[in-house]
Structures are given as structure tokens and as C-alpha cells.
Amino acid sequence: MRHLAVILAVLTLAASAAAVAAEAGAQITVALLPKKKGVAYFTSCAAGAEQAAKELGNVTLIYDGPTDGSPEKAAALIEKWTLKGVDVIAVSPNDPEVLAPAMQAAMAKGVKVITWDADGAASSRSFFVNQATGTQIGEAMVDAMAKDLGTPAGKVAIVTATLTAANQNAWIAAMKAHLASAYPKMELVAIKPCNEDQKVAFQVAQDLMKAYPDLVGIFGISSVAFPGAAEAVKQAGRSGQVLVTGLATPNAMKGYVKDGTVKSVVLWNTRDLGYLTVRVARALADGVLIPGATSFAAGSLGSKPVAGDAILLNNLLVFTKANIDQFDF
Amino acid sequence: MTGAWLRSREAGVAGLILLTVAAVGTINPRFLSVENARDILIAASPGLIVACGATLVIVLGEIDISMGALMGVCAAVLGKLVSAEHAGLPVWLATLIVLSLAAGIGLINGLLVTVARVPSIIATLGMLTILTGVGDLLMAGETIGGFPDSLRAFAIGHVGMLPMPVLVALACLAAFTVLTRETALGRRIYAVGSNAHAARLAGLPALRLKVLAFTLTGLLTGVATLISAPQLEVIEAGFGRQFELFVVTAVVVGGASMSGGAGSIAGSALGVLLLSLVRTALIFLQLGIGATYWERAIQGGFILAAVLADHVSRRRRVQR
Chain A
203 MRHLAVILAV
213 LTLAASAAAV
223 AAEAGAQITV
233 ALLPKKKGVA
243 YFTSCAAGAE
253 QAAKELGNVT
263 LIYDGPTDGS
273 PEKAAALIEK
283 WTLKGVDVIA
293 VSPNDPEVLA
303 PAMQAAMAKG
313 VKVITWDADG
323 AASSRSFFVN
333 QATGTQIGEA
343 MVDAMAKDLG
353 TPAGKVAIVT
363 ATLTAANQNA
373 WIAAMKAHLA
383 SAYPKMELVA
393 IKPCNEDQKV
403 AFQVAQDLMK
413 AYPDLVGIFG
423 ISSVAFPGAA
433 EAVKQAGRSG
443 QVLVTGLATP
453 NAMKGYVKDG
463 TVKSVVLWNT
473 RDLGYLTVRV
483 ARALADGVLI
493 PGATSFAAGS
503 LGSKPVAGDA
513 ILLNNLLVFT
523 KANIDQFDF
Chain B
6 MTGAWLRSRE
16 AGVAGLILLT
26 VAAVGTINPR
36 FLSVENARDI
46 LIAASPGLIV
56 ACGATLVIVL
66 GEIDISMGAL
76 MGVCAAVLGK
86 LVSAEHAGLP
96 VWLATLIVLS
106 LAAGIGLING
116 LLVTVARVPS
126 IIATLGMLTI
136 LTGVGDLLMA
146 GETIGGFPDS
156 LRAFAIGHVG
166 MLPMPVLVAL
176 ACLAAFTVLT
186 RETALGRRIY
196 AVGSNAHAAR
206 LAGLPALRLK
216 VLAFTLTGLL
226 TGVATLISAP
236 QLEVIEAGFG
246 RQFELFVVTA
256 VVVGGASMSG
266 GAGSIAGSAL
276 GVLLLSLVRT
286 ALIFLQLGIG
296 ATYWERAIQG
306 GFILAAVLAD
316 HVSRRRRVQR
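Residue numbers (the working numbering), protein chains in the order written: chain A, 203 to 531; chain B, 6 to 325.
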């Protein structure tokens, strides 16, 4: 029933939006596309987006995406929204190559297209709402590990998503550089993919601990790799001896943080990322955000820096035993 | 007898396993620890269990590629049934439901192949696609957690010295070895697989044997899910993905012929062990971060070498 109401509202709005180009302050429709719908991470982003839409009062938000993460279905949604005549489409591309044609077609029809969470081809969007640069994320994970270890020395290993994941590879490059310059006594001995399979992450972490008995830390740099690696350390009874840190939502890691296997979980505030995305969408539709801007007034988030065509959320969080219960996503 | 066994495919794979273990153990003695052997066996257990059924299917000249997706559905159903956050059913009841579901899907595969006469690769590919979708639907992109300890004991419990999954795998291997080697049923399966026409003339119930093999493969996939899914605190979408590739490759490496008639439970088990060893071995070789991108190629090369070595030696035998 609620869905029907939303669809009707969207259709009405779409019709009016097509007739009148969005003026500043006019009601607009923003479509927010996650890589995968139904994932805790994106659901919490959507909650922030919802909040921004409510605050603004003149934004109708559509949040939809493929439940299986299929790029083809994501492209079909973009095409559907373009036909309906939404004002702004914000895309977190699960495959930049596959989505680029649909995004470009939308731009050609006058829809403002931006990316958020993960970037797409530069020719397929005007701005990118970036949670943090790859360097910031990579460095934050290394710093968290160094702090958790107390004395930042010893062998560490990375369990990554897949060897082709662009986000993860950018972080790994930053981690390598930061380890070399800031913590020369920490030695990166292995980088292993888990193919986004938690069981593989578990087994790889088990093998790493045995192959390198003096291993002091494992980075799990995806929301699948991190809990898998933490479970392996916990089951091996080496919680506290082999520290695990990385990126994941706090809910997935609460158990491991409480039993001491994990001391720090690095992530950005996902609600704020959704919030910022809708704010950027509104500003684009109003013509307030133009290329060349260096800062962006993001409502309750204050001013956020703009670097080239990327608006930075710039707000990495480190969840620890002390604060993890305050977050629910 | 002994001489014949030494020249068999099983002996070749066993030799390759020993060679790998010896070589990696020399470079990194920690590879030879009891702990490592235990973890490798636990990781190999689901493959060992499902390979028993897959061997029968392949010996009968058919193929099943729906096991990975079935595992995903079984894991999702199991999670939803026992998790305190969902149905919260008692573990025995959930176990029964999952096993019936798994066997039921296997039965449907078997009926599609025999009664509806759909080629098995197409029938099970269709099933794979359906089950992948059902699995995603059930998981809805979330993870399922909150399992009772009695369920987790299936995967992380011990009976004496033996980890539960290894015990279950050994039991399956023993049962299927007896089935294939010592019973009339087993002999009929090989007869149908090596010469379907002659078997039909001899009045062997080829279709019923195939339905049985597919149903058993489904059931064993359910068993494999029960002893592997609760190993982690949460079940996530995509559990079991590409497991079918692993099992079919292992069975073929272990000597089964895709055209039917040849293959053994022992060979398939050795194939699973060999493939399970490779990834762990590569980590113990400590090749460093420069080798990260090479490892998949090394894994693939290893599989090809194992099969090629056998073909070459077999040709030599024939020439002699």
C-alpha cells in the first residue's frame, strides 16, 4: 500500500518535473541507487538520505537498487528513472563500465547524474560524493592497527575482497605507502583475496596465522573479509595476540569488539554519506553547486571540502569498545 | 593387485599430494603440523561429502552443477529456521527440514534428467539459476546470525580427537566406498555408466539409478551445509558460491571420466584433498606480496598438471 502511494507520488512528480525545469526550491525527485539493496551498509546510508529529504522538505526520495548487486539491473533502473523524468540520479556503481551508457543517456536527457559511495567513469557523472579518499581510508586502517598494537612492529597481512576490486586496490596502495613511511617496523607479508566469501576469508586467515606464527595483525578490508578473519582468530584462541582491524559496519563486528578480538573498526558515518548525497543532489538541481567550487554547505554537516569534482564527507569513524554501542547499522 | 593400484589414477593423485606436502613441508616445516592437517581436513570436509554423490552422477555419465546454489539455499533456510531472530525452531527439526529440502531438490534434478529428458548440464544449470535467485531472495542482502550452540557444534564440535565435519566426511566416504565396491547397486551404476545400451538390454533400471544418484547428491549437499555453515557466527548471502565447480573439478582430477563409467570414491576424495591443499600450500610458501596476482594462475596450472601427468602416463602404459 505504501509502495503504491510512493509510486503514485513519483509518477505525479515525474510528470510535473518533466514539464517544468526544476527551479530553485521547487519540488524535485532524487533517485538514490545503491550497489545492492537490502545490505545493512546501504540501508543506513538510505536512512541518512531520508533525513536530508525530510529536512529540505522539497525533495522526494526514491531509494531502490538490485537485491543481488547485478549491474544490469542497476542500469535498467537508471533507464526507468530517466524515462520517468526524475531530476537527479545518484549512483553507487557496482560496475562503472556497465552503468556508464545508462548514466550518459540520462545526462543527455537533462537528468543530473552524480555518483556516491563509489565513483564511476568521469564522463558519466558531474560530481562524486566521496566518503573519504583512498589515501585517508588506507592510512586510517594502518594507524588503527599501529595504535592497537601499542608498539607498531611485526608482520601483518591483508585479506582483501577480490584482486580486481578498485576501491580495495586503492586502499592497499595507500596502506603500503603509509606502512613504509610511518611504520617501517611493520612488515606486510601477504595480500590474499577472499573472493567476497566469508568462509574463504576465514580459511585464509587461519592459514596466515599458521604460516606466519609471528604474525601480529590482519587487515580485513571488506565487510566480508573482516568478520571472516576475526572469526578465524577467535576460534584459534588467539584473540589479543593477532589483532584484526579493517572496514565493516559496526553491527557486524560488535561481538568481536566486545570479546577483544577486534579493538578498532574503521568506517565512515554511513548515514552522513546518504545525507550529504541528497544535499548535493538538491544543490545541483538548484544550480548552486557548479564546477570549480571549493566548498559545499551541507546543512547540519556544516561545510564540506570539494576537491575537483569530488565532494568529500571527510569523516572517518573509528569504532571501539567505548563507542560501538552508540551506532546501529 | 598392488602393482595395478600403483599405476592407477588414485595412486597418481596420492603421489602428487605426498609430493606437495613434502615439498612445502621442507620449505616451511610448520605446514606439517597436526593443527594444519586438521584445518585442511575441516576445510575439505564439505567437498569430500558432496564428491561422494557427484562421483555417482558422473560415473552414470551425467553432471550436476547445482550444488553450490543448493548449499546457499540450505544455509539460508537453516539460518532462518534456527536463528533466534527468526523462526527459532529446535535444531533437530530444522536439520530434518533442510535435509528433506536438499534431497527434494536433488530428486527434482533427477526427474528433470530422466523423466523430462533434459540434458543434465542444462537441467542443473537451470536449477542453479533458480536456487541462486531463491537464495538471494531469502537472504535479502542481510546476514543471519544468532545460532544456538547445539547447531554450531555440527561445525566446530569434536568427537574425541576428530572434528565433527571430518567425522561426518569419513562416514560418508566409508558408506559410499562400500556402496560402490561391495553392492550390486554399485556394480549396476558402473555398468550403466560404461555402456548404457548394454545395461538397458540387460534390464538394468538406468533411470532409477540416475534419480537415486541426483537425490543422494542433493541430500549430501544438505549434510555438507549443516557441517560447514555454522562454522561462522553469521550466514551471509552467496554461501557455497562456485562450490559445484570445485567439486566437479576435484572428481575429474580424481579420475572420473565425464563420459561416464570411470571414477571412484577414493579417487574423488584424493582429488578434493589435492585441490584443498593448493591454496594453503601457496600461503605457507610465503611467496610475498609480489606473488599475489600469480597465485590463481599457479592454482590453475597445478590442476592442469595433475590431469596431464595422468594422461601422459596412461598413454605410455597403453604403448607398452
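C-beta: ideal position from N, C-alpha, C; glycine also. Keep in mind that this is a model prediction, so the values were computed, not measured.
Item, Value
"Residues, ordered as in the chain, of the region 153 to 187 of chain B that lie near chain A by beta-carbon distance below 9 Å", "I161"
"Whole-angstrom distance between V228 of chain B and L2 of chain B, CA atom to CA atom", "The question about residue 2 of chain B has no answer, for chain B in this structure spans 6 to 325."
"Residue(s) in a DSSP beta bridge with F498 of chain A", "A:K506"
"Residue closest to G52 of chain B, alpha-carbon to alpha-carbon, out of B:I232, B:G295 and B:E147", "B:I232"
"Beta-carbon proximity of L518 of chain A to P507 of chain A, cut-off 8 Å", "no"
"Under 7 Å from the C-beta of N33 of chain B: neighbouring residues of chain A", "A413"
"Per DSSP, cross-strand counterpart(s) of L519 of chain A", "A:L469"
"Cut-off 8 Å between Cβ atoms - residues of its own chain near A367 of chain A, not counting five sequence neighbours on either side", "S424"
"I420 of chain A vs A438 of chain A beta-carbon contact at 8 Å", "no"
"8 Å Cβ cutoff met for L279 of chain A and T479 of chain A", "no"
"From A:N369, A:K314, A:T284 and A:A304, residue whose alpha carbon lies closest to that of D488 of chain A", "A:K314"
"Endpoints, the beta strand (DSSP E) within which A392 of chain A is located", "M388 to P395"
"Simplified DSSP state of A224 of chain A, which is helix, strand or coil", "The pLDDT assigned to A224 of chain A is 42, lower than 50, so where the model puts this residue is not dependable; a value taken from the coordinates is nonetheless given after this. Three-state DSSP puts A224 of chain A in coil, outside helix and strand."
"Proximity winner among A:A304, A:A512, A:G504 and A:T269, relative to L285 of chain A (alpha-carbon distances)", "A:A304"
"Residues near S199 of chain B by beta carbon distance below 8 Å, same chain, minus five either side", "G265, G266 and A267"
"Pair within 8 Å by beta-carbon distance, G77 of chain B and T31 of chain B", "no"
"Where A176 of chain B falls: helix, strand or coil (DSSP)", "helix"
"Interfacial residues, the region 390 to 401 of chain A to chain B, with Cβ spacing under 9 Å", "L390, V391, A392, I393, K394, P395, N397, E398, D399, Q400 and K401"
"Buried or exposed by the 16-neighbour rule on C-beta atoms within 10 Å, applied to H380 of chain A", "buried"
"Proximity test, Cβ basis, 8 Å: L309 of chain B and chain A", "no"
"Chain B within 8 Å of A454 of chain A, Cβ atoms only", "yes"
"DSSP three-state assignment for P51 of chain B, whether helix, strand or coil", "helix"
"Backbone CA spacing between A160 of chain B and D44 of chain B [nearest angstrom]", "12 Å"
"Start and end residues, alpha helix (DSSP H) containing G352 of chain A", "Per DSSP, G352 of chain A belongs to no alpha helix (DSSP H) and is neither H nor E."
"Which listed residue (B:Y195, B:L225, B:L224 and B:F307) has its alpha carbon closest to that of S262 of chain B", "B:Y195"
"Nearest-angstrom Cα separation, counted from G227 of chain A out to E241 of chain B", "43 Å"
"C-beta neighbour in chain B for D297 of chain A, strict 8 Å", "no"
"Cβ neighbour criterion (16 or more within 10 Å) applied to V120 of chain B", "exposed"
"Proximity test, Cβ basis, 8 Å: Q370 of chain A and chain B", "no"
"Extent of the continuous alpha helix (DSSP H) run through F159 of chain B", "D154 to I161"
"Element boundaries [beta strand (DSSP E), containing F329 of chain A]", "F329 to N332"
"Reduced DSSP category for A512 of chain A - H, G, I as helix; E, B as strand; rest coil", "strand"
"For V435 of chain A and K357 of chain A, believed in contact at Cβ under 8 Å, the rounded distance", "K357 of chain A to V435 of chain A, Cβ: 14 Å. No contact."
"Beta bridge counterpart(s) of I230 of chain A as assigned by DSSP", "A:V261"
"L275 of chain A - partner residues in DSSP beta bridges", "The identity of residue 275 of chain A in the sequence shown is Lys, whereas the question assumes Leu. Bridge partners of K275 of chain A: none, in fact."
"Between the CA atoms of A314 of chain B and V62 of chain B - distance to the nearest angstrom", "25 Å"
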